[in-house]
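Asks: Just dropping this structure here.
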Amino acid sequence: MNNLSLLMDGFATILTWNHLMIMVIGVMLGMLVGVLPGLGAPNGVSLLLPLTFTMDPVSAIILLSCMYWGALFGGSTTSILFNIPGEPSSVATTFDGYPMARNGEATRALTLAFMSAGLGALAGVVMITLLANWVAQFGLKFSSPEYFAVYFLAFCSFIGMSSSAPSKTLVSMMLGLAFATVGMDSVSGGLRLTFGIPDLVKGISFLVAVMGLFGIAELMVTTEEGLSFKGIKSRIRIMDILRTVAELPRYWVSLVRSILIGIWMGITPAGPTAASFMSHGIAKRFSKHPERFGKGEPNGIVSPEAADHSAGTSALLPMLALGVPGSATAAVMMGGLMIWGLTPGPMLFITRPDFVWGLIASMYLGNVVAVILVLATVPLYASILRVPFAIIGPVIVAVIFTGVYQVANSTFDFWLLLFFALLGYLFKKLDYPVAPLVLTMVLGHRAEEAFRQSMVMSDGSLTVFWSNSLVTTIMGLGVLMLVWPLISKVVGLRGWRQRLHRQKPENHKPSTPDSRA
Amino acid sequence: MTHNGISRYSMEIATALLTGGIGVAICYGAWQVGTGWTPSGPDSGYFPFWIGVLVVAGSLVNLLRTIIGHRHKDEVFLDAARLKSLARFTLPIIGFAVISLLLGLYVGTTLYVLFAMRLQGHYAWWRSLASGIAISVCFYLLFELVFQVPLLKGPLEHAFGIY
Chain A
1 MNNLSLLMDG FATILTWNHL MIMVIGVMLG MLVGVLPGLG APNGVSLLLP
51 LTFTMDPVSA IILLSCMYWG ALFGGSTTSI LFNIPGEPSS VATTFDGYPM
101 ARNGEATRAL TLAFMSAGLG ALAGVVMITL LANWVAQFGL KFSSPEYFAV
151 YFLAFCSFIG MSSSAPSKTL VSMMLGLAFA TVGMDSVSGG LRLTFGIPDL
201 VKGISFLVAV MGLFGIAELM VTTEEGLSFK GIKSRIRIMD ILRTVAELPR
251 YWVSLVRSIL IGIWMGITPA GPTAASFMSH GIAKRFSKHP ERFGKGEPNG
301 IVSPEAADHS AGTSALLPML ALGVPGSATA AVMMGGLMIW GLTPGPMLFI
351 TRPDFVWGLI ASMYLGNVVA VILVLATVPL YASILRVPFA IIGPVIVAVI
401 FTGVYQVANS TFDFWLLLFF ALLGYLFKKL DYPVAPLVLT MVLGHRAEEA
451 FRQSMVMSDG SLTVFWSNSL VTTIMGLGVL MLVWPLISKV VGLRGWRQRL
501 HRQKPENHKP STPDSRA
Chain B
518 MTHNGISRYS MEIATALLTG GIGVAICYGA WQVGTGWTPS GPDSGYFPFW
568 IGVLVVAGSL VNLLRTIIGH RHKDEVFLDA ARLKSLARFT LPIIGFAVIS
618 LLLGLYVGTT LYVLFAMRLQ GHYAWWRSLA SGIAISVCFY LLFELVFQVP
668 LLKGPLEHAF GIY
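Chains as they are written, first to last, in our numbering: chain A, 1 to 517; chain B, 518 to 680.
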């Protein structure tokens, strides 16, 4: 198969000591970022992006993607040991991971989580390997109206699949699109929405937005609840690890099911978080012993983790092949690609196959490296969290500010950062979804360009979006996604999703008082 | 049930008004550059204008949902204790921004860490100051030397000849 030989080429590109070292550094940085509150995967990747400007794109994307895996693993670590999800997508891991660790089986919980995660991610990469070329070929048939239709589908999926009110999701997404239009209009060359502020001529950088929305706002919410990190001490013994690995095949049903759920939710822009919740909920529903869930049931760890990581990996497929990111972090990575001068989409497969397949090859290796590293260094990262928040919090904030400054050397960005922090804080507390805002900010220009070119092609008529079977199908799917909440309400399915989401505990609140040592 | 503090009801309304206001600003800014049609396609402001309209529409729906549905009337958004924790965290950050603008990121970091550790952690003055300086120095080494990325500097560094 052609794909296999391309993959081998990819391996050849990346198998250098340099790249391996970058993988290790990426994973370790990612874990650090995943373990610390206020520094999630999107944020961490944003912080690292400006530093990659001097690197070559292959090395840079390896660093960023390994950081992504590391952050996901780090998030699972705090979920299990501290009952504090380091990532939104690791919330579901707290349901059974923390109880199992509390029962004295921390190593087992961690190993189950990491191995499931690794398998989930590998499955996602295999899927990408098999489908990437096909999707890219398919994407070559796309013209502006089809691209806009795909973005439309993505936007509608967010509204339809979100657990928040559709109107709130709409506001969040439209704000992101609007922020993307600030600055110079690429078509006419004129300035838009700058309101006379010279610093806005360069537009609003999505990096600054992410650092405000996911960084400072997250810290604000965390601080407000007065969190203290008292975690479970974990001593990793090799024998425990091996025993748990041997135990893993028992859960193959959960694994396969979760991986499929994750792949589906990663490709459609539902995201790793939704995947992990759905997977846990479904595992509970179909289990012979649902009452065991929430008390340390192994399937309750395997399911969300496998889904979370397979979704996270699969989200990279639409990002690479079509230019439509399926998750906030994929959006940031896509932003990075564009900054480096690479335009994700079918053309990327043709013009830079070395980059694309190098990335895919690195995903295999990176995951293996990540699983090994993570099992070896868990106690180290767990001990970092014992540093009092009064010290760590300010350091994280200072890092965020320096990160913001590095984006464009503009002090005005500090104020933008604070604005986004306020917005993020309000949104998080009032149940407005934040990820769509970032997604639309990254996609904004491309969506608008697609729209305008379509309009030019059709002389201003909106019927261009129904002009051929392909674009009509995609638009139709989009409309379906949009009205899905209404349909499922009528058919009585709505309660199902709410019931799943209601399992989510209050953000960051430990389910037991802090008497844990 | 405690009713002291800001209710979620009021915050929902306030936020809907905020987003609506931003939406109106977007529409206005778009209208300024023209929202019609030119011979070469839609004008600059066409796309942003309709986006602004959607923002306003969504905000309106949120506003009405809250008011008409009397939602979240009994939920507390922020009470005095949480407000205090939040203020202790957020006010120093604003100070950090202002100071960094005037005196550079290094001085800003030092002072920020100093105040943050004092306010939030109640550490001793000298310990907080030492941490602040240590972190600033780490940043300098990491960013300027290892990553070769210049950070914002102020008059203090300029006096020492560091640019």
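No residue lacks a Cβ here, since even glycine has one placed at the ideal position from N, Cα and C.
As the structure is a prediction and not an experimental result, all values here were calculated from the model.
(1) If we ignore side chains and look at the alpha-carbon of each, how far apart do Leu322 (chain A) and Ala136 (chain A) end up?
(2) Find out if the Cβ-Cβ distance for the pair Ile259 (chain A), Ala306 (chain A) is shorter than 8 Å.
(3) Cβ closer than 8 Å: which chain B residues qualify as neighbours of Asp185 (chain A)?
(4) Checking the sheet assignment: what are the DSSP bridge partners for Val593 (chain B)?
(5) With burial defined as no fewer than 16 other Cβ atoms inside 10 Å of the residue's Cβ, what is the status of Gly196 (chain A): buried or exposed?
(6) Give the residues from the region 456-477 of chain A that approach chain B closer than 7 Å (Cβ to any Cβ), ordered along the chain.
(7) Scan the region 606-636 of chain B for residues whose Cβ lies nearer than 8 Å to a Cβ of chain A and list them as they occur along the chain.
(8) Within the continuous alpha helix (DSSP H) that includes Lys428 (chain A), where are the two ends?
(9) Mind checking the region 204-221 of chain A against chain B and listing, in chain order, the residues whose C-beta falls within less than 8 Å of any C-beta there?
(10) Thinking Leu418 (chain A) and Thr536 (chain B) are a contact (beta carbons under 8 Å), I'd like their distance in whole angstroms, please.
(11) Counting only beta-carbon atoms, is Met93 (chain A) nearer than 8 Å to chain B?
(12) Spatial neighbours of Gly271 (chain A) within its chain, please: C-beta separation below 6 Å, excluding the five flanking residues on both sides.
(13) Assign Pro559 (chain B) to one of three DSSP states: helix, strand, or coil.
(14) Please look up how many angstroms separate the CB atoms of Glu105 (chain A) and Gly40 (chain A), rounded, as I've assumed it's under 8 Å.
(15) Would you call the region 411-428 of chain A and the region 201-215 of chain A in contact, with 3 or more CB pairs under 8 Å?
(16) Would you verify that the beta carbon of Gly638 (chain B) is, or is not, closer than 8 Å to some beta carbon of chain A?
(17) By the three-class DSSP mapping on this structure, what secondary structure does Arg494 (chain A) have?
(18) Of all Cβ atoms in chain B, is any one closer than 8 Å to the Cβ of Thr402 (chain A)?
(19) Would you verify that the beta carbon of Gln565 (chain B) is, or is not, closer than 8 Å to some beta carbon of chain A?
(20) Count the other CB atoms, across all protein chains shown, that sit within 10 Å of the CB of Thr18 (chain A); report buried if there are 16 or more and exposed otherwise.
(21) 8 Å is my cut-off, CB to CB: does Ile539 (chain B) come that close to chain A?
(22) Would you please verify whether the beta carbon of Trp642 (chain B) is less than 8 Å from any beta carbon of chain A?
(23) DSSP state of Ala531 (chain B), grouped into three classes?
(24) What are the boundary residues of the alpha helix (DSSP H) that includes Arg108 (chain A)?
(25) Only counting the same chain, and skipping five residues up and downstream in sequence, which positions put a Cβ closer than 8 Å to that of Leu375 (chain A)?
(26) Considering Phe656 (chain B), what are the terminal residues of the alpha helix (DSSP H) in which it resides?
(27) Can you check whether the C-beta of Val578 (chain B) is within less than 8 Å of a C-beta belonging to chain A?
(28) If you run the structure through DSSP and keep just helix, strand and coil, what is Lys601 (chain B)?
(29) Report all residues from its chain with a CB closer than 6 Å to the CB of Ala60 (chain A); omit the five preceding and five following residues, and keep chain order.
(30) Would Val572 (chain B) pass as a contact of Ile543 (chain B) if the rule is Cβ separation under 8 Å?
(31) Is there contact between the region 467-482 of chain A and the region 143-150 of chain A, where contact requires at least three CB pairs shorter than 8 Å?
(32) Pick helix, strand or coil for Met28 (chain A), following the three-state DSSP scheme.
(33) Among A:Phe401, A:Gly366, A:Glu224 and A:Ala180, which has the Cα closest to the Cα of Thr313 (chain A)?
(34) I need the DSSP call for Trp554 (chain B), collapsed to helix, strand or coil.
(35) Leaving out five residues on either side along the sequence, give the residues of the same chain with a beta carbon under 6 Å from the beta carbon of Ser156 (chain A).
(36) Rounded to a whole number of angstroms, what is the C-alpha to C-alpha distance between Asp591 (chain B) and Ile530 (chain B)?
Replies: This is what the structure gives:
(1) In the first sequence, the residue the question calls residue 322 (chain A) occupies position 322. In the first sequence, the residue the question calls residue 136 (chain A) occupies position 136. Near 7 Å, if we compare the C-alpha coordinates of Ala136 (chain A) and Leu322 (chain A).
(2) Counting from one through the first sequence, the residue named residue 259 (chain A) turns up at place 259. Counting from one through the first sequence, the residue named residue 306 (chain A) turns up at place 306. For Ile259 (chain A) and Ala306 (chain A), yes; Cβs fall inside 8 Å.
(3) Position 185 of the first sequence, counting from 1, holds the residue named residue 185 (chain A). Per Cβ cutoff of 8 Å: Val550 and Ser561.
(4) What you label residue 593 (chain B) is simply residue 76 of the second sequence in a count that begins at 1. Partner(s): B:Ser524.
(5) For the purposes of this step, residue 196 (chain A) is identified with residue 196 of the first sequence, where counting begins at 1. Classification for Gly196 (chain A): exposed.
(6) Val456 and Gly460
(7) Phe606, Thr607, Pro609, Ile610, Ile611, Phe613, Ala614, Ser617, Leu618, Leu622, Gly625, Thr626, Tyr629, Val630, Ala633 and Met634
(8) On the first sequence, residue 428 (chain A) is found 428 positions in, with the first residue counted as 1. Unbroken alpha helix (DSSP H) run through Lys428 (chain A): Phe412 to Lys429.
(9) Ile216, Leu219 and Met220
(10) Counting from one through the first sequence, the residue named residue 418 (chain A) turns up at place 418. Counting from one through the second sequence, the residue named residue 536 (chain B) turns up at place 19. Contact doesn't hold; Cβ gap of about 17 Å is too wide.
(11) Position 93 of the first sequence holds residue 93 (chain A). According to the sequence as given, residue 93 (chain A) is Thr; it is not Met. Output row for Thr93 (chain A): interface = no.
(12) In the first sequence, counting from the first residue as 1, residue 271 (chain A) sits at position 271. Within the same chain, Gly271 (chain A) has close Cβ partners Ser327.
(13) Reading the second sequence from its first residue, position 42 is the one you call residue 559 (chain B). DSSP places Pro559 (chain B) in strand when its eight states are reduced to three.
(14) Taking the first residue of the first sequence as position 1, residue 105 (chain A) is located at position 105. Taking the first residue of the first sequence as position 1, residue 40 (chain A) is located at position 40. In fact, because the Cβ distance is near 27 Å, the residues do not count as touching under 8 Å.
(15) yes
(16) Within the second sequence, numbered from 1, the residue matching residue 638 (chain B) stands at position 121. For Gly638 (chain B), a Cβ of chain A is located within less than 8 Å of the residue's own Cβ.
(17) Taking the first sequence and counting its residues from 1, one reaches residue 494 (chain A) at position 494. At Arg494 (chain A), the pLDDT of 49 sits below 50, so the modelled position is not reliable; the number obtained from the coordinates is stated separately. Correct three-state label for Arg494 (chain A): helix.
(18) Position 402 of the first sequence, counted from the start, is the residue given in the question as residue 402 (chain A). Closer than 8 Å to some Cβ of chain B, the Cβ of Thr402 (chain A) qualifies, so yes.
(19) Translated into the one-based positions of the second sequence, residue 565 (chain B) becomes position 48. Strictly speaking, residue 565 (chain B) in this sequence is Pro, with Gln absent from that position. Chain A places a beta carbon closer than 8 Å to that of Pro565 (chain B), counting this residue as a contact.
(20) As a first step, residue 18 (chain A) is located in the first sequence; it is residue number 18 there, counting from the start. Residue identity differs from the one stated: residue 18 (chain A) is Asn in this sequence, not Thr. Per the 10 Å Cβ criterion, exposed.
(21) Position 22 of the second sequence holds residue 539 (chain B). For Ile539 (chain B), the answer is yes, since a Cβ of chain A falls inside 8 Å of its Cβ.
(22) If you number the second sequence from 1, residue 642 (chain B) lands on position 125. Taking Cβ atoms only, chain A never reaches closer than 8 Å to Trp642 (chain B), which makes this a no.
(23) Here residue 531 (chain B) corresponds to residue number 14 of the second sequence, with the count starting at 1. Ala531 (chain B): helix per DSSP, three-state reduction.
(24) Numbered from its first residue, the first sequence carries residue 108 (chain A) at position 108. Its alpha helix (DSSP H) spans residues Ala106 to Leu140.
(25) Position 375 of the first sequence, counted from the first residue, corresponds to residue 375 (chain A). Here the set comprises Leu110, Thr111, Phe114, Ile236 and Ile241.
(26) The count along the second sequence starts at 1 and reaches residue 656 (chain B) at position 139. Counting along the chain, the alpha helix (DSSP H) containing Phe656 (chain B) begins and ends at Trp642 to Phe656.
(27) For this step, residue 578 (chain B) is matched to residue 61 along the second sequence. At least one chain A Cβ lies under 8 Å of Val578 (chain B).
(28) Reading the second sequence from its first residue, position 84 is the one you call residue 601 (chain B). Lys601 (chain B): helix per DSSP, three-state reduction.
(29) For the purposes of this step, residue 60 (chain A) is taken as residue 60 along the first sequence, with counting starting at 1. Excluding sequence neighbours, Ala60 (chain A) sits near Thr52.
(30) For the purposes of this step, residue 572 (chain B) is taken as residue 55 along the second sequence, with counting starting at 1. For the purposes of this step, residue 543 (chain B) is taken as residue 26 along the second sequence, with counting starting at 1. Yes, the pair counts as a contact, with Cβ atoms nearer than the cut-off.
(31) yes
(32) Within the first sequence, the letter at position 28 stands for residue 28 (chain A). In this structure, Met28 (chain A) counts as helix in the three-state DSSP scheme.
(33) Taking the first residue of the first sequence as position 1, residue 313 (chain A) is located at position 313. The candidate whose alpha carbon is nearest that of Thr313 (chain A) is A:Gly366.
(34) Here the question's residue 554 (chain B) lines up with position 37 in the second sequence. Trp554 (chain B) falls in the strand class under three-state DSSP.
(35) Taking the first residue of the first sequence as 1, we reach residue 156 (chain A) at position 156. Just to set this straight, residue 156 (chain A) is Cys in the shown sequence, not Ser. Gly478, Met481 and Leu482.
(36) Here residue 591 (chain B) refers to the residue found at position 74 when the second sequence is read from its first residue. Here residue 530 (chain B) refers to the residue found at position 13 when the second sequence is read from its first residue. Using only the alpha carbons, I get a separation of about 14 Å.
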